[in-house]
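Residue numbers (my numbering): 2 to 277.
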């Protein structure tokens, strides 16, 4: 599978990679799709999906969600989404669309964060914020709430902030983070990489996995990559872009469901059939 060379003056730039997932033929862009990464919808971050359908010719559905100015409801975030549809495409046109998508779209990643790498319990007053996003808060009455879809291990607890002050007000409750408290949530990979380079004291990203942003059903997968493995629902693959005869090529690698970018796992490269 080949795409046009976008390099100027013969320079071959480093091309990004994507994650593809095999899905049901009836896969559609709905709010429930974000259950792949439940925290994503609650955050003001850009996102994009690409769905490839059909068999010679192919069609492509693309959905882009622009970054919001602040945390917003599901309804508001859906209003910020734009969609594009193309049909009658051959395999090379699909490769070109994948290349353009990889160059322009943000890549979602799932991070495993250790929120307390210290040997003692951390106490956070009011709300717990990670990478600029509020993931937990405790009210003045002591009610602890967390962002929907997130699971903390071990679970969070709270404690009273102290006795009433002389002015009659109580010190706010505090969130307790026991040593080794971990949480997973989705965010743009660029943001996660920046956080890894400049970690906050007492916190560490322990695992980082690129999430799928390209989806296709079994039949379409088989015609685009006839020499590839048997497609299975839920299976994920790495789409790598390289160069061959001055044209960008799309290569396919199967990856484990929980492959971490912090590991050096490798797998066999499967080239797409240019004649597909």
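The C-beta atom is built at its ideal place from N, Cα and C for all residues, glycine as well.
Going by CA-CA distance only, name the one from the options that's closest to residue i.
i: residue 116; options: 131, 110, 109, 108; result: 131
i: residue 193; options: 46, 58, 112; result: 112
i: residue 1; options: 162, 195, 122, 202; result: This structure cannot speak to residue 1, because the chain is shown only from 2 to 277.
i: residue 88; options: 100, 66, 107, 56; result: 56
i: residue 128; options: 114, 120, 146; result: 146
i: residue 21; options: 47, 142, 215, 225; result: 215
i: residue 49; options: 255, 237, 213, 253; result: 213
i: residue 109; options: 138, 209, 178, 82; result: 209
i: residue 235; options: 64, 226, 217; result: 217
i: residue 187; options: 255, 136, 237; result: 136
i: residue 185; options: 256, 224, 151, 195; result: 151
How is residue i classed by DSSP in three states: helix, strand or coil?
i: residue 24; result: coil
i: residue 75; result: Any reading at residue 75 must be qualified, since the residue scores a pLDDT of 44, below 50, and its modelled position is unreliable; no value is offered.
i: residue 63; result: strand
i: residue 55; result: strand
i: residue 19; result: strand
i: residue 256; result: coil
i: residue 148; result: coil
i: residue 49; result: strand
i: residue 160; result: strand
i: residue 235; result: coil
i: residue 155; result: coil
Between residue i and the ligand FAD, is there a pair consisting of the residue's CB and a ligand heavy atom that are separated by less than 6 Å?
i: residue 46; result: The model depicted lacks the ligand FAD and carries no ligand whatsoever.
Excluding sequence positions up to five away, which residues of its chain have a Cβ less than 8 Å from the Cβ of residue i?
i: residue 18; result: 103, 211, 239, 240, 241, 242
i: residue 183; result: 113, 114, 115, 116, 153, 154, 207
i: residue 1; result: For residue 1 there is no data in the structure shown, the boundaries of the chain being 2 and 277.
i: residue 107; result: 46, 47, 48, 49, 189, 190, 191
i: residue 195; result: none
Suppose you measure from the CA of residue i to the CA of residue j; what does that come to, to the nearest Å?
i: residue 52; j: residue 124; result: 44 Å
i: residue 180; j: residue 24; result: 38 Å
i: residue 205; j: residue 176; result: 19 Å
i: residue 84; j: residue 105; result: 15 Å
i: residue 92; j: residue 59; result: 8 Å
i: residue 202; j: residue 222; result: 45 Å
i: residue 144; j: residue 220; result: 50 Å
i: residue 141; j: residue 174; result: 6 Å
i: residue 67; j: residue 26; result: 26 Å
i: residue 54; j: residue 29; result: 11 Å
i: residue 63; j: residue 82; result: 10 Å
i: residue 256; j: residue 230; result: 12 Å
i: residue 224; j: residue 199; result: 44 Å
i: residue 197; j: residue 90; result: 40 Å
i: residue 149; j: residue 94; result: 39 Å
Within a Cβ cutoff of 7 Å, which residues of the same chain sit near residue i, ignoring the five residues on either side of it in sequence?
i: residue 119; result: 180, 203
i: residue 233; result: 23
Got a sec? Which residues, its chain only, sit under 6 Å from residue i by beta carbon, not counting five neighbours each side?
i: residue 279; result: As displayed, the chain neither begins before 2 nor continues past 277, which places residue 279 out of reach and without an answer.
i: residue 86; result: 62
Entirely enclosed alpha helix (DSSP H) segments - the stretch 172-233, minimum 4 residues: 190-198, 219-225
Whole beta strand (DSSP E) elements within the stretch 78-145, 3-residue minimum: 82-90, 109-115, 123-126, 128-131, 134-139
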